[in-house]
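A.B. asks: In the working numbering, the protein residues as written are 1 to 287.
We put the beta carbon where it would ideally sit given N, CA and C, even for glycine.
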Amino acid sequence: MLKILKSFFDILKEAFFEWVDDNASQLAAGISYYTIFSLAPLLVITTSIAGIFFGEDAIQGKLVSEIEGFVGLQTAKIIETMLIGIGEDYSNIFVGIFGFALLFFGASKAVIELENAFNKIWRVKPKEHSNIFLDLLMERLNSFLTIFLSGFLLLSILIISATLNFFSGLLQELLPQVRIFWKVLEFFASLGISSLVFATLFKSIPNEKIAWSDVWLGSICTSLLFLLSKFLLNLYISSGSFATVYGAASSLIILLVWIYYSIQILFLGAEISFVYSKKFGSKKMSA
1 MLKILKSFFD
11 ILKEAFFEWV
21 DDNASQLAAG
31 ISYYTIFSLA
41 PLLVITTSIA
51 GIFFGEDAIQ
61 GKLVSEIEGF
71 VGLQTAKIIE
81 TMLIGIGEDY
91 SNIFVGIFGF
101 ALLFFGASKA
111 VIELENAFNK
121 IWRVKPKEHS
131 NIFLDLLMER
141 LNSFLTIFLS
151 GFLLLSILII
161 SATLNFFSGL
171 LQELLPQVRI
181 FWKVLEFFAS
191 LGISSLVFAT
201 LFKSIPNEKI
211 AWSDVWLGSI
221 CTSLLFLLSK
231 FLLNLYISSG
241 SFATVYGAAS
251 SLIILLVWIY
261 YSIQILFLGA
271 EISFVYSKKF
281 GSKKMSA
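(1) Since F202 and G281 are thought to touch, with beta carbons under 8 Å apart, how far apart are those beta carbons, to the nearest angstrom?
(2) Kindly indicate which three-state DSSP category F280 falls into: helix, strand or coil?
(3) Identify whether F274 lies in helix, strand or coil by the three-state DSSP scheme.
(4) State the Cα-Cα distance for the pair A28 and D57, rounded to the nearest angstrom.
(5) For the candidate residues Q26, A199 and I254, whose alpha-carbon lies nearest to that of K299?
(6) Could you pull out every residue in the same chain whose Cβ sits closer than 7 Å to the Cβ of V275, ignoring the five residues on either side in sequence?
(7) Using the rule of at least 16 other Cβ atoms within 10 Å of the residue's Cβ for burial, across every protein chain shown, is N116 buried or exposed?
(8) Between which two residues does the alpha helix (DSSP H) harbouring W292 extend?
(9) If we call anything under 8 Å between Cβ atoms a contact, is F231 one with I265?
(10) W212: buried (16+ other C-beta within 10 angstroms of its C-beta) or exposed?
(11) What does the alpha-carbon distance come out to for the pair L73 and A199?
(12) How is N207 classed by DSSP in three states: helix, strand or coil?
(13) Give a yes or no on whether the C-beta atoms belonging to I67 and F267 are separated by under 8 Å.
(14) Apart from the five residues on each side of it in sequence, which residues of its chain come closer than 8 Å, Cβ to Cβ, to S195?
(15) Please report the distance separating the alpha-carbon of G96 from that of S48.
(16) Between the alpha carbons of L252 and I36, how many angstroms are there, rounded?
(17) Quick one: measure Cβ to Cβ for V111 and P206, integer angstroms, because I've assumed they're closer than 8 Å.
(18) Below 8 Å between beta carbons: does that hold for S229 and Y261?
(19) Less than 8 Å separating the beta-carbons of S273 and D214?
(20) Once DSSP output is grouped into helix, strand and coil, what is the label at V64?
(21) Under a three-way DSSP split, which group does K345 fall into?
(22) Here's the rule I'm using: 16 or more other beta-carbon atoms within 10 Å means buried, otherwise exposed. How should Q60 be labelled?
(23) Relative to the C-alpha of E208, which residue among K6, F9, L5 and S277 is closest?
(24) Just verifying my parser: in three-state terms, what is the DSSP assignment at G72?
(25) Whose C-beta lies closer than 6 Å to the C-beta of A24 among residues of the same chain, with five residues either side of it excluded?
(26) Answer yes or no: do L235 and W258 have a C-beta to C-beta separation smaller than 8 Å?
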């Protein structure tokens, strides 16, 4: 047991130093900039994909509700307004494939930058550009597949969440005493779902063949850090410090801070996966 704990903390320590060496804070700042401009198109596309099954209004409402849990009501309303506004604009001015292509182009830039950052973390060697146009096309296609995957993951999360909420209400009505047990079960279910999402992203985004076994530790740590950041950010928001310092701009500042630190957490999780793969996983022989 002590040996396992020592190995775990060794991985965390090395991952932290890798995270610093890769200048994750600067990478996160750049991607945060692109994400602000890509956020609305990205959410519109993913909710459109998931909305095929549940309806876009229901998906957007659920998504905004989940975001509210992280950044508060006012900031969530900003995102909701962005979603409604961009949806109306594109549906009125652009039609069919052209409108979707514009949305996709806006969303893909953040995904491409995220992919480049993950490639840096996994030490993926840059490809030689034999055909710049073809390489650019493939880069955008990979971004599209990642966005489509995000929509599918969002759909899966909502299905599981709806199922849990149904059984939660049913059981608490029949057996009120199981409330605490169900809260614990919901926590672990949320942890499991988010870990699966992060594991899928860690495996699929880099241009490198990565084993599933390489990414589980990093994805679980990322999920726990996200839950911790949610608690700390809500604690800080509830203190009113943001509103006091930034006034009317506080909601936008909260959104920026949330995106920035979320991306840094994502990078740290990727670093943990990378270090684990070198020490115990598929990269051990080649390290």
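C.D. replies: According to the structure shown:
(1) Wrong, their Cβ atoms sit about 12 Å apart, outside the cutoff.
(2) coil
(3) Helix, per DSSP.
(4) 31 Å
(5) Because the chain spans 1 through 287 in this model, residue 299 falls outside it and cannot be assessed.
(6) I11, E14, A15 and E18
(7) buried
(8) Only positions 1 to 287 of the chain appear in this structure, which leaves residue 292 out of reach.
(9) no
(10) exposed
(11) Looking at the two C-alpha atoms, the distance is approximately 29 Å.
(12) DSSP places N207 in the coil class of the three-state scheme, outside both helix and strand.
(13) Result no, Cβ atoms of I67 and F267 do not sit closer than 8 Å.
(14) Only W216, S219, I220, T222 and S223 meet the Cβ criterion.
(15) Interpretation of G96 is limited by its pLDDT of 48, a score under 50 that renders its predicted location unreliable; the figure taken from the coordinates is listed afterwards. Put simply, the backbone Cα of G96 is about 13 Å away from that of S48.
(16) 10 Å
(17) About 12 Å; that fails the 8 Å criterion.
(18) With contacts defined by Cβ atoms closer than 8 Å, S229 and Y261 form a contacting pair.
(19) For the pair S273 and D214, the CB atoms are nearer than the 8 Å cut-off.
(20) Residue state, collapsed to three classes: helix.
(21) The structure shown does not extend to residue 345, since the chain is modelled only from 1 through 287, so no value can be given for it.
(22) buried
(23) S277
(24) G72 falls in the coil class under three-state DSSP.
(25) Q264 and F267
(26) Inclusion of L235 and W258 in the CB contact set at 8 Å is not warranted, their separation being larger than that value.
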